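J.: Start counting the sequence shown at 24; every next residue gets the next number (the working numbering).
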Amino acid sequence: MGGTKYTAKDITVLEGLEPVRKRPGMYIGGVDRTGLHHLLWELLDNSVDEAMNGHCDRIGVKLHKDGKTLTVTDNGRGIPVDKHPKHKKSALELILTTLHAGGKFENRNYYHAGGLHGVGASVVTALSSSMKAHVKRDGYHWEQSFARGAAKAPLKKGSPARGTGTSVTFTPDPQIFSKTDFDPKLIRERLESRSYLHRGLHLSFENEVAKTTEEFHHDKGIAEWIDKLVVDRNLKVVGVPWSAERDDSPIVELVLAWTESTEETTLSFVNGIPTRSGGTHENGFRGGVVKAVRNYLSVKNLTPKGLNVTAEDIREGLVAILSVYVQEPQFQGQTKDRLNNPEVTTPLDNFVRTGLENYLLQNQTHAAAVAERVFLAARARSASRAAAQNVQRKTAISHRLNLPGKLADCSSTNPAISELFLVEGDSAGGSAKQARDREFQAILPLRGKVLNSEQASLSKVLANRELSDIVSVLGCNAGKNCDTSKLRYHKICLLMDADSDGHHICTLLLTFFYRHMRPLIDGGYVFIAQPPLYKVELGKQVHWALDDDERDQIIAQANGKQPVVQRFKGLGEMNPPTLKETTLDPAKRRLLRVAINDNDGVENTMKTLMGRDVEPRFKFIMDHAAAVEELDI
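#1: Under 7 Å Cβ to Cβ from residue 119, same chain only, skipping five residues before and after it: list those, please.
#2: Entirely within the region 441-507 and at least 4 residues each: give me those alpha helix (DSSP H) ranges in chain order.
#3: Would you say the beta carbon of residue 396 is closer than 8 Å to some non-hydrogen atom of the ligand FAD?
#4: With a 10 Å radius around its C-beta and 16 neighbouring C-beta atoms as the bar for buried, classify residue 528 as buried or exposed.
#5: Where does residue 48 fall in DSSP's three states?
#6: By alpha-carbon positions, which one of 225, 163, 85 and 210 ends up nearest to residue 56?
#7: Quick check on this structure: which residue in 315, 307, 331 and 234 has the alpha carbon closest to the alpha carbon of residue 366?
#8: Report the residue from 496, 531, 591 and 319 whose alpha carbon sits nearest the alpha carbon of residue 551.
#9: Hey, does residue 113 have any beta-carbon neighbour from chain B nearer than 9 Å?
#10: Which residues bound the alpha helix (DSSP H) around residue 541?
#11: Which residue from 257, 480, 180 and 469 puts its Cα closest to that of residue 399?
#12: Rounded to a whole number of angstroms, what is the C-alpha to C-alpha distance between residue 43 and residue 152?
#13: Let's see if you can read the secondary structure: which residues bound the beta strand (DSSP E) around residue 289?
#14: Do you know how far the Cα of residue 276 is from the Cα of residue 268?
#15: Ends of the beta strand (DSSP E) at residue 193?
#16: My assumption, with CB atoms under 8 Å, is that residue 303 sits in contact with residue 362. Please give the rounded CB distance.
#17: Evaluate residue 610 with the Cβ neighbour count: other Cβ atoms within 10 Å of its Cβ, from every protein chain shown; 16 or more gives buried, anything less gives exposed.
#18: Taking the DSSP output, what are the residues bridged to residue 83?
#19: Going by other Cβ atoms of all chains shown within 10 Å of its Cβ, with 16 needed for buried, is residue 295 buried or exposed?
#20: Exposed or buried, what is residue 572 when buried is set at 16 or more other beta-carbons lying within 10 Å of its beta-carbon?
#21: Whose C-beta lies closer than 8 Å to the C-beta of residue 246 among residues of the same chain, with five residues either side of it excluded?
#22: Could you check the C-alpha separation between residue 461 and residue 433 for me, to the nearest Å?
#23: Which residues in the same chain have their Cβ closer than 7 Å to the Cβ of residue 604, if we skip the five residues on either side of it in sequence?
#24: Using the beta-carbon count (16 or more within 10 Å), is residue 598 buried or exposed?
#25: Taking the alpha-carbon positions, what's the residue 403 to residue 329 distance?
Have a look at this one:
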């Protein structure tokens, strides 16, 4: 240590866009699917900024035949092409190759904008293997090419042009992203949401892969969107949606409705940017809703005696779309997931409180329906809390005494290393108990298919023996009281047979965790174990295959050896050493972590596959029937 020299020559200076290529996660949140699509969102947001400030009414996105190249076009003013007086480069080159270069730091050109850091477009340049910008401005066409953060040629002046606009074509760099194929569904959803948020804006999506073109345009804005939202999610609205607008700073557009769902859903946006992690605007909105309903109930003296109504009761079942426009938004991080402007909260709180309270007082029929919905939530919460108290852990010691008798617990009391396997059936549970490492692996056998909890209240869930046992064993409670700090195991592994029945039980458990213990999924505690379906012997070599495809790949590499294939009909057929080697041993097993990357997509899937309405489930099955080559019965 003492002989190590640390001098000026050890300092690395990253110039130009090198910092972006060196640490892309700092700018786009990661190099996964989310980060890949963030490149498109940056360019799309620049075009939307033109539209928000009255300079553009048409935006187009084109996915090229390779599925990896995108073009974003708008009919805005066009990026300036004249030379910058200080840097002696065209504004186009500066914007696309320099961090913190843009026209949104002052209010002269953009009164409202989603991109204020001046890094969006240059980040796309830095992380693209190729990019070409085409501008119509000052009566001519202008073009310039870029690659991996640098200009490949000087700005080129072309033929005379009518009108103005900007078009950028880019291909993400495979040196940065492991997968560079864009998701057409995700692009379509983003464009559709923009068409609702910005009334009058025409957006188009040309998908050359699927050979389709779609147009999006909604003159009624978010008022149309909430209607689509409740229909898509198969929700029943209580009362009539309430919408309101505010012209003063911050400008506000919102629409809300109460539904019979047990979840609260708020889609919030700042200057057209989705803020999935909320922020000060959502805080003001939620506070205003709660105060408005409380004031209405107080004025009308409606709350039943002895019933305690909380803020969560008031917001249960609420579906809302909130769009605000802030002159100088302070986002948390470059990915702009959360708004931090403190001055936004109070104006929104006051606006929502007074407007919604007046609406409730003037629309007694709808207001009475909302009040009954709130009282129902309060009664259900009280009932579920009483039920939960019957199964939740009182202390670490007494809880062990009250655990279900069928649990084979581990000896470790350290949650960080403890694992719980939820195993299908007593037979498989018996094998798993013999195969496990008793120090840190616990086994809880489940009998048969558990309750479908998609539409079930928490009190009904806790009345189910299998699910209440899971809640009791985990020790962290369920529903709104789910507290991961009390979780007894930091790996919860769903271990089911590798057949259709096993997949069904796994889906039922995932539905339960998604609806009633969502923090466990968000915290990364839920996993799906991957037991093999086949054992393939090639001479003295033994291979394990998860499915038919893996089996075929193994056999294809037999090199003349005669394969001996054994198919496991269930976990109960595996002897404990085999189960340990393939599924339980941390050094050899394969686990899938359960994660939610697309909230709306998961929500729609759950409603379709697990909801009460048979029609969308039947349509889904028929739409995918052609892809089923073999039915496991």
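Cβ coordinates follow ideal geometry from the N, Cα and C atoms, glycine included. Since the model is a prediction, treat every value here as computed from it, not as a measurement.
T.: Reading off the structure:
#1: Result list for residue 119: 144, 145, 148, 156 and 169, in chain order.
#2: Fully enclosed alpha helix (DSSP H) runs of 4 or longer: 449-458, 481-486 and 488-497.
#3: Inclusion of the ligand FAD in the displayed structure is not the case, the ligand content being empty and no account of it being possible.
#4: Result: buried.
#5: Annotated three-state conformation of residue 48 is helix, per DSSP.
#6: Here the closest residue by C-alpha is 210.
#7: Among 315, 307, 331 and 234, the Cα nearest to that of residue 366 is on 307.
#8: Out of 496, 531, 591 and 319, the CA that lies nearest to the CA of residue 551 is found in 531.
#9: Of the chains in the structure shown, none is chain B; there is only one protein chain.
#10: Start and end: 541-545.
#11: When the alpha-carbon of residue 399 is set against those of 257, 480, 180 and 469, the nearest one is in 480.
#12: Residue 43 and residue 152 have their C-alpha atoms some 14 Å from each other.
#13: In the DSSP assignment, residue 289 falls within the unbroken beta strand (DSSP E) covering 288-293.
#14: Using only the alpha carbons, I get a separation of about 5 Å.
#15: Its beta strand (DSSP E) spans residues 188-195.
#16: Confirmed, Cβ separation roughly 5 Å.
#17: Burial call: exposed.
#18: For residue 83, which the question treats as bridged, DSSP gives the partners 96 and 227.
#19: Residue 295 should be labelled buried.
#20: By the neighbour-count rule (16 or more Cβ atoms within 10 Å), residue 572 is not buried but exposed.
#21: So the list reads 264, 266 and 278, once near-sequence residues are dropped.
#22: Distance between the alpha carbons of residue 461 and residue 433: 5 Å.
#23: So the qualifying residues of the chain are 611.
#24: Exposed, since its Cβ has fewer than 16 Cβ neighbours within 10 Å.
#25: For residue 403 and residue 329, the distance between alpha carbons rounds to 14 Å.
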